[in-house]
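One structure is given here, and the rest of the page talks about it.
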Amino acid sequence: LIWCHHTPASRRAGYRYLMVHMLGGNLLLYGIFLEVGAGNGLVMNLSAGAHDLPFWAILIGIAVNAAIPPVNAWLVDAYPEGTITGSVFLSSFTTKVAVYALIRIFAGTDFLMAAGCFMALYGALYAIMENDMRRLLSYHIVSQVGFMVAGVGLGTAMALNGATAHAFSHILYKSLLFMCAGAIIYATGIRKINQLGGLAKKMPFTFWCFVIAALSISGVPLFNGFISKSITISAAAAAHYGSVELLLQLAGVGTFLSIALKMIYFIFLAPDNGVVIKR
Numbered sequence: 029l030i031w032c033h034h035t036p037a038s039r040r041a042g043y044r045y046l047m048v049h050m051l052g053g054n055l056l057l058y059g060i061f062l063e064v065g066a067g068n069g070l071v072m073n074l075s076a077g078a079h080d081l082p083f084w085a086i087l088i089g090i091a092v093n094a095a096i097p098p099v100n101a102w103l104v105d106a107y108p109e110g111t112i113t114g115s116v117f118l119s120s121f122t123t124k125v126a127v128y129a130l131i132r133i134f135a136g137t138d139f140l141m142a143a144g145c146f147m148a149l150y151g152a153l154y155a156i157m158e159n160d161m162r163r164l165l166s167y168h169i170v171s172q173v174g175f176m177v178a179g180v181g182l183g184t185a186m187a188l189n190g191a192t193a194h195a196f197s198h199i200l201y202k203s204l205l206f207m208c209a210g211a212i213i214y215a216t217g218i219r220k221i222n223q224l225g226g227l228a229k230k231m232p233f234t235f236w237c238f239v240i241a242a243l244s245i246s247g248v249p250l251f252n253g254f255i256s257k258s259i260t261i262s263a264a265a266a267a268h269y270g271s272v273e274l275l276l277q278l279a280g281v282g283t284f285l286s287i288a289l290k291m292i293y294f295i296f297l298a299p300d301n302g303v304v305i306k307r
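Basically this note's numbering = 1-based index in the sequence shown + 28.
Structure representation (structure tokens):
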């Protein structure tokens, strides 16, 4: 999906993607071998046991796929370079498989709360500064997965339900955002936000689809992101982790600024830069 774009950037990104995931996959397999060798042949929660070599090997292997810093650069490097349709599938499903694995294996691992909060803020801040559409949306994958990772770290029933619900909601609105970005790139040949403008009149259907997805990822009431984010944030409050609640709220503000305000305005509502719809 990355190499099929047939550009020098996509070839480089594809090789980096391959190398990073070979590392993560082999660490995961190594940890599984150690667990099976110790007589643990079933999928179980490892957070209650010793933080030994199998624990860390499996966690780092999954963390690579979940794009947990510092092993997250592959995501924002690769997803913007994939094909228009391929990036939709990459953005929707790959990291959510890792979130499912974290829920099954590492629920209640305390330091994942800090990792999730860092991810949520890190992705949102970099997205505010980014100018490439698909790269900006890729940073927000890191940010939104941060909400899920924080929920896994909390480990309560409400938090795990919130992480699961947010993973499901993320598949819906993130795929729609990447489809809208792909439609714009396909129609105009432009990826930079500051080179666009006035597309609300030229591409009205794409505009309204983007608005729906942007309000969803921003957690606006009556949209799915509001429900799933609220469950996780409420779980942090119920567990008396006020700092986690505050940091996730701040990350939500960053999401609203970078997508619901920045992208909608500069792509669709700003004065027309003379962009020609080619296709």
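Ideal Cβ positions, reconstructed from N, Cα and C, are used throughout, including at glycine.
Predicted model only: the values in this text are computed from it and were never measured.
The beta carbons of F294 and L243 sit no closer together than 8 Å.
Its chain contains P82 as the residues whose beta carbon lies nearer than 7 Å to that of E63, once the 5 sequence neighbours on both sides are disregarded; these appear in chain order. As for any alpha helix (DSSP H) of minimum length 4 sitting wholly inside the segment 153 to 220, the runs are 161 to 182, 185 to 216, ordered along the chain. In this structure, DSSP gives N222 a helical state, which the three-state scheme calls helix.
In its chain, beyond the 5 residues on either side, W31 have a beta carbon closer than 7 Å to the beta carbon of R39. A direct Cα-Cα distance of roughly 56 Å separates A228 from N68. Ranked by Cα distance from L164, the options I90, E109, I96 are led by E109.
Between V177 and A143, the beta carbon gap of about 6 Å places them in contact (Cβ cut-off 8 Å).
Of the other Cβ atoms in all chains shown, fewer than 16 fall within 10 Å of the Cβ of T35; this residue is therefore exposed. Where L81 is concerned, the enclosing alpha helix (DSSP H) starts and stops at 81 to 94. Boundaries of the alpha helix (DSSP H) harbouring G282: 270 to 283, taken from the DSSP string. By the Cβ criterion, the segment 274 to 290 is in contact with the segment 149 to 160, since at least three pairs of Cβ atoms, one from each stretch, lie closer than 8 Å. Contact between V48 and L130 is ruled out by a C-beta separation of about 18 Å, above the 8 Å threshold. Annotated three-state conformation of M72 is coil, per DSSP.
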